[in-house]
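See below for the structure under consideration.
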Amino acid sequence: MARLVMRTTASLFILGCYAFVSLGASAALIGPALPTLAAKANTGLDRTGLVFVSMSLGYLTSAPIINTLGARMGTRNMLTVSPLVVIGSMALLALGAHLNVFFIATYLLGLGQSGTQVAYNAMFGMQQGRERASAVLNRLNAFFGIGALIGPLLVSASYVLINEATLAFWIAAAMALPLTLGALWARDGLRQPPAARSAAPEGSAARRLLASPVAWGLCVVMGLYVGCEVAFSGWATEFTSRTTGMSTAQAAIVVSIFWAALALSRYFTNVIVSRVPSVTLVSLLFGLAIAGLGVMLLAGQVSAAAWLGAFAVGAGFGPIYPTLIAVGIQRFPFAARMIASVLTSTGSIGALFLPALTGFAMSAPALGAAGAWVMLAGLLALVIGLWQLTRRALAREDTALEQTMRLTRPC
1 MARLVMRTTA SLFILGCYAF VSLGASAALI GPALPTLAAK ANTGLDRTGL
51 VFVSMSLGYL TSAPIINTLG ARMGTRNMLT VSPLVVIGSM ALLALGAHLN
101 VFFIATYLLG LGQSGTQVAY NAMFGMQQGR ERASAVLNRL NAFFGIGALI
151 GPLLVSASYV LINEATLAFW IAAAMALPLT LGALWARDGL RQPPAARSAA
201 PEGSAARRLL ASPVAWGLCV VMGLYVGCEV AFSGWATEFT SRTTGMSTAQ
251 AAIVVSIFWA ALALSRYFTN VIVSRVPSVT LVSLLFGLAI AGLGVMLLAG
301 QVSAAAWLGA FAVGAGFGPI YPTLIAVGIQ RFPFAARMIA SVLTSTGSIG
351 ALFLPALTGF AMSAPALGAA GAWVMLAGLL ALVIGLWQLT RRALAREDTA
401 LEQTMRLTRP C
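1 is the number of the first residue of the sequence shown in this note's numbering; add one for each residue after it.
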């Protein structure tokens with residue numbers, strides 16, 4: 001019986017890893033496919049680019065939707081339905097011919113992706129201790145970076161074969177289908193763990209989250225981090241082209257290097273968290289990202305230095321999202337799905353305004369491209385300070401919790 005449970009858990013983890021590959025591919029193909037969407041909608045790239053806003057809104061509004069429906073649906077149903085929402089969004093992108101249809105499609109994409117991410121992160125995060133949860137969730141989320149590398153390749157192949165990106169949308173839809181089939185097959189393996197079944201009622205859990213400085217600190221740090229990550233990946237090609245003189249095609253290599261480093265650092269985080277506590281690791285990772293931005297600023301005409309800097313930024317950014325999710329789940333086990341969905345949603349707030357702010361700084365005549373990277377480095381330094389405050393609040397709450405448990409423990 002124990003072997004059967006272990007085999008089921010291992011199969012679910014493999015399915016989860018594949019899920020993040022699928023999510024990464026469907027998210028990363030939107031940018032390269034913008035010319036196709038603009039041509040179909042007969043509008044400019046600037047207006048078509050607003051699909052990223054609608055996708056962020058899908059992530060942002062996912063928290064209340066997941067927290068309202070998730071408890072009623074259960075993990076299995078959420079993992080069955082969420083990929084179907086992604087499939088529907090890909091179909092709308094492939095078949096649509098109006099910008100409003102594409103806005104609806106990308107909103108559904110953000111919603112479906114968030115539902116899948118939250119369900120897998122909450123499920124595996126609850127099954128582990130604090131440091132082990134960080135290692136497991138980092139390895140799981142590492143496969144998002146692999147998918148993000150695959151997505152643009154699918155679009156490139158589609159352009160070669162049919163001169164537009166439509167085929168890539170259908171392939172991404174097909175990649176999501178095994179997730180629904182796998183959730184239907186898993187059945188008993190997707191039952192909620194005991195801690196989740198004994199969780200506090202939704203209203204009580206929400207009040208405890210809102211009253212916790214740790215929850216607020218995690219949300220602010222997550223929002224700024226995700227905004228910086230999206231801004232970097234979106235503007236790294238333009239920054240490198242302007243500062244090194246490379247062509248756009250050559251400069252785009254830094255984005256691939258960034259995503260590769262992000263995936264690698266997540267995958268091997270388990271080696272680090274066995275030696276460094278997760279709350280300490282987060283500060284070190286932000287410091288590494290700042291150092292990477294500094295290397296890119298000083299690269300000048302040396303393309304290899306720009307690539308090295310992009311690798312350092314990716315390696316620093318990689319483990320932050322899964323580690324923050326793991327810290328949140330372990331601190332609030334009575335509301336694992338809720339804190340995972342809230343953190344995922346608040347991340348999208350930063351993605352709504354920081355990329356645009358970075359683009360404005362990039363175009364400012366006074367500072368130019370360097371000013372944009374200095375701004376990102378400054379924001380990350382601010383995040384380190386905010387994280388130190390969150391660490392202190394976490395330590396205080398843990399101490400108070402231990403004292404309460406000692407007082408209530410029977411003699």
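Yeah, the Cβ is synthetic: ideal placement off N, Cα and C, and Gly gets one too.
Item                                                                                                                : Value
Any 3 or more C-beta pairs closer than 8 Å across the region 216-227 and the region 370-384                         : yes
Check whether LEU108 and SER89 have beta carbons under 7 Å apart                                                    : yes
Meets three-Cβ-pair contact criterion under 8 Å: the region 53-64 and the region 340-355                            : yes
Any 3 or more C-beta pairs closer than 8 Å across the region 330-340 and the region 267-275                         : no
Span of the alpha helix (DSSP H) around LEU29                                                                       : Unbroken run through LEU29: none, as it is neither H nor E.
Per-residue DSSP class, three states only, for VAL101                                                               : helix
Own chain partners of ALA206 with C-beta closer than 8 Å, once the 5 adjacent residues on each side are dropped     : ASN67, ALA335, MET338
The region 303-319 in contact with the region 114-129 per 3-pair CB rule at 8 Å                                     : no
Cβ contact check for the region 361-370 and the region 252-266: 3 or more pairs under 8 Å                           : no
Alpha-carbon spacing of LEU12 relative to PHE143, whole angstroms                                                   : 14 Å
C-alpha distance - THR399 paired with ALA393, whole-angstrom precision                                              : 10 Å
The ligand HEM heavy atom lying under 6 Å from the CB of VAL313                                                     : In the structure on display, the ligand HEM does not appear, and there are no ligands present to speak of.
ARG275, enclosing alpha helix (DSSP H) - first and last residue                                                     : Neither: ARG275 is in no alpha helix (DSSP H) and is coded neither H nor E.
Residue nearest to PHE232 in terms of C-alpha spacing, selected from SER158, ALA369, GLN388, GLY245                 : ALA369
Proximity to VAL279 [Cα-Cα], best of GLY145, ARG72, ALA94, ILE320                                                   : ILE320
With 16 other Cβ atoms within 10 Å as the buried cut-off, status of LEU140                                          : buried
Cβ neighbours of PRO213 in the same chain (closer than 7 Å, five flanking residues each side left out)              : ALA393
Cα-Cα separation between LEU84 and ILE146, rounded to whole angstroms                                               : 21 Å
Proximity winner among LEU37, MET126, MET73, THR75, relative to PHE103 (alpha-carbon distances)                     : LEU37
Cβ-based neighbour list, ALA173, same chain, cut-off 7 Å, excluding 5 preceding and 5 following                     : ILE87, MET90, ALA91
Segment contact, 8 Å Cβ cut-off, at least three pairs: the region 161-177 with the region 15-29                     : yes
Burial state of GLN113 (16 or more Cβ within 10 Å)                                                                  : buried
Limits of the alpha helix (DSSP H) - the one that GLU229 falls within                                               : 213-244
Sequence ranges, alpha helix (DSSP H) only - wholly within the region 330-410, length at least 4                    : 336-363, 369-408
ALA176 versus ALA94: straight-line alpha-carbon distance, rounded                                                   : 15 Å
Nonlocal neighbours in the same chain, by C-beta distance under 6 Å from ALA252, ignoring five residues either side : THR237
Close beta carbons around ARG242, own chain, < 6 Å, minus the five adjacent residues each side                      : ALA369
Alpha helix (DSSP H) segment containing VAL302, residue limits                                                      : Element bounds for VAL302: n/a, residue is neither H nor E.
Alpha carbon of VAL327 to alpha carbon of CYS219, nearest angstrom                                                  : 12 Å
Beta-carbon spacing of ILE171, LEU149 below 7 Å                                                                     : no
MET126 (DSSP reduced to helix, strand or coil)                                                                      : coil
Exposed unless 16 or more other CB atoms sit within 10 angstroms - verdict on ARG47                                 : exposed
Where ALA282 falls, given that 16 or more other Cβ within 10 Å makes a residue buried                               : Residue identity check: residue 282 is Val in the sequence provided, not Ala. That one is buried.
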